[in-house]
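Taking it in order: structure first as structure tokens, then the write-up.
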Amino acid sequence: MTSKTYTLYRHFPGRFTAELNGNLVLDWDQTQTLTKVVGGSGLDLPNWKSIVEAHRDAGTNWGALYVSAQGGSGKAVKTWIVRQFPPPDSSWRETMEGFLGSLEGVGLEGVADASVQNRALGDFCKEAVKRISPFSGGVFIGELREAIHMIKHPAQALFEQVRSYAYGAKKLRKRIGKYRWSKLSAELWLESVFGWLPLISDVKSGAEAVSRVVNDFRPNEIVRGRAQSESQVQPPALAVRSLDNCTWFYNTYAVDITSVRVVGAVRIDPVNTLSGDLSVFGIGWDQVLPTAWELIPFSFVTDYFSNVGDVISSASLLNGRVIYCSGTTMVQRKVVQDGFTGYPGSQDQAKISVSAGRFTAKTTRYARSPILSPVPSLQFECPGIGSMKWLNLAALSAAVS
Numbered sequence: 018m019t020s021k022t023y024t025l026y027r028h029f030p031g032r033f034t035a036e037l038n039g040n041l042v043l044d045w046d047q048t049q050t051l052t053k054v055v056g057g058s059g060l061d062l063p064n065w066k067s068i069v070e071a072h073r074d075a076g077t078n079w080g081a082l083y084v085s086a087q088g089g090s091g092k093a094v095k096t097w098i099v100r101q102f103p104p105p106d107s108s109w110r111e112t113m114e115g116f117l118g119s120l121e122g123v124g125l126e127g128v129a130d131a132s133v134q135n136r137a138l139g140d141f142c143k144e145a146v147k148r149i150s151p152f153s154g155g156v157f158i159g160e161l162r163e164a165i166h167m168i169k170h171p172a173q174a175l176f177e178q179v180r181s182y183a184y185g186a187k188k189l190r191k192r193i194g195k196y197r198w199s200k201l202s203a204e205l206w207l208e209s210v211f212g213w214l215p216l217i218s219d220v221k222s223g224a225e226a227v228s229r230v231v232n233d234f235r236p237n238e239i240v241r242g243r244a245q246s247e248s249q250v251q252p253p254a255l256a257v258r259s260l261d262n263c264t265w266f267y268n269t270y271a272v273d274i275t276s277v278r279v280v281g282a283v284r285i286d287p288v289n290t291l292s293g294d295l296s297v298f299g300i301g302w303d304q305v306l307p308t309a310w311e312l313i314p315f316s317f318v319t320d321y322f323s324n325v326g327d328v329i330s331s332a333s334l335l336n337g338r339v340i341y342c343s344g345t346t347m348v349q350r351k352v353v354q355d356g357f358t359g360y361p362g363s364q365d366q367a368k369i370s371v372s373a374g375r376f377t378a379k380t381t382r383y384a385r386s387p388i389l390s391p392v393p394s395l396q397f398e399c400p401g402i403g404s405m406k407w408l409n410l411a412a413l414s415a416a417v418s
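Laid out in structure tokens, this is it:
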């Protein structure tokens, strides 16, 4: 085990001064210091190069913590008049120069999103299954008739309507009727999403499978998967900082970012053998469950809200084929302060000017470890508001109604 840590001292200098009629009356050091123990530790592996060349896992348990912070420097100047009786009046000037932000909350570590690793494993498994079987022969055969039917009928119905009313485009919708028009539009959308696009993709995958059989065999393939999420820890809020009579505001917020990267290798069946060639084209006993799931009507709706399909395919196809697999998790807490502006106060003829750059601080922890089983666990998740899945579901609902 090797450990290299040190204490980080990051100074953010600042100086506050006050002048009365041009004479210095206050001079305060406002330097702020960020202190954090950073560095990394992990297991040594002197022969890692030869292990990589042998297509085996050279990753070991490793962890590290880093902190970065920059920006936030600027200047705030406030002036005002103090009336005197008898005259003359007095003039005040207060200046804060240097770091105008605050280190409060900076250096705290983020909280990991536990679902990200599962989604990264799902991404890894999808890619691994694609490398093992570029072409899903069973699913293609099972869905071919339905795809042809879907492509043929909505387009044919619309073509007949357009041909009948070619000279009255504006009358087309009126002639068809609002309900029929909506239904045809939904069917055309579904035709594109679940008919043409999958068919084109299947043809491309079939060509890749043929190419592998002919001249592109590799005994194992490097596979990668990735997923990321971002959650708001502190919503945007207005913060205030004040020294003597000088006050300024700034916007601040904090987010946690979790990113997981999975890297591994899978064993590919040799081509020019019966089992190897069938595997490339997605035909075999290990394909029975994934194919059956894909051919269940509306199974894609379940997959929109869960990873059932990924769990079934990875559990069936990756058994005994994964040579190695490891995951690296990054958890980052990011704090941002910007939009600095001043508050003049209630003094006579008070004026304030504030100018400062954006302050960004990141506390990042990395952790890498081997993954014994890359099969993701069952997870339910609602699609995002802007996801195309909702449009597909709306079109499906309109088509079947």
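Using our numbering, the first residue of the sequence shown is number 18, and each one after it goes up by one. Ideal Cβ placement from N, Cα and C applies to all residues, glycine included.
Straight-line measurement puts the Cα of Phe102 at about 58 Å from the Cα of Ser248. Within the same chain, Cβ atoms closer than 6 Å to the Cβ of Ser276 are found at Gln245, Met347, the five residues on either side in sequence being excluded.
Beyond the five residues adjoining it in sequence on each side, Cys342 comes within less than 6 Å, by CB distance, of Gly281, Ile388, Pro391 in the same chain, given in chain order. Taking a contact as a CB-CB distance under 8 Å, the pair Leu125 and Asp261 does not count as one, their CB atoms being some 29 Å apart.
With respect to the C-alpha of Ile285, the residue from Asp61, Phe116, Glu144 having the closest C-alpha is Glu144. Sorting Arg32, Lys21, Thr264 by C-alpha distance to the C-alpha of Ala81 places Lys21 at the top. The beta carbon of Val272 lies closer than 7 Å to those of Glu247, Ser248, Gln249, Val250, Lys351 in the same chain, with the five residues before and after it left out. Around the C-beta of Pro104, fewer than 16 other C-beta atoms lie within 10 Å, and the residue is accordingly described as exposed. The residues Val280, Gly281, Ala282, in chain order, have a CB closer than 8 Å to that of Ile239 in the same chain once the five nearest residues on each side in sequence are set aside.
In summary, Lys95 is buried, with 16 or more beta-carbon neighbours lying within 10 Å of its beta-carbon over all protein chains present. Using a Cβ distance threshold of 8 Å, Ile149 and Arg382 do not count as a contacting pair. A distance below 8 Å between beta-carbons, with the five flanking residues on each side excluded, links Leu60 to the following residues of its chain, in chain order: Met18, Thr19, Thr77, Asn78, Trp79. Put simply, the backbone Cα of Phe357 is about 10 Å away from that of Ser90. In the same chain as Trp45, and ignoring 5 residues on each side of it, the C-beta atoms closer than 8 Å to its own belong to Arg32, Phe33, Thr34, Leu260, in chain order. Residue range 40 to 46 is occupied by the beta strand (DSSP E) that includes Asp46. Here DSSP, grouped into helix, strand and coil, assigns Asp327 to helix.
Rounded to the nearest whole angstrom, the CA to CA distance from Gly344 to Phe141 is 10 Å. DSSP places Phe102 outside any alpha helix (DSSP H), giving it a letter other than H or E. DSSP lists Leu41, Arg110 as the beta-bridge partner residues of Glu36.
For Glu144, the uninterrupted alpha helix (DSSP H) segment begins and ends at 131 to 149.
Judged by DSSP in its simplified three-state form, Ser390 adopts coil rather than helix or strand. Here the alpha carbons of Asn237 and Val55 stand approximately 38 Å from one another.
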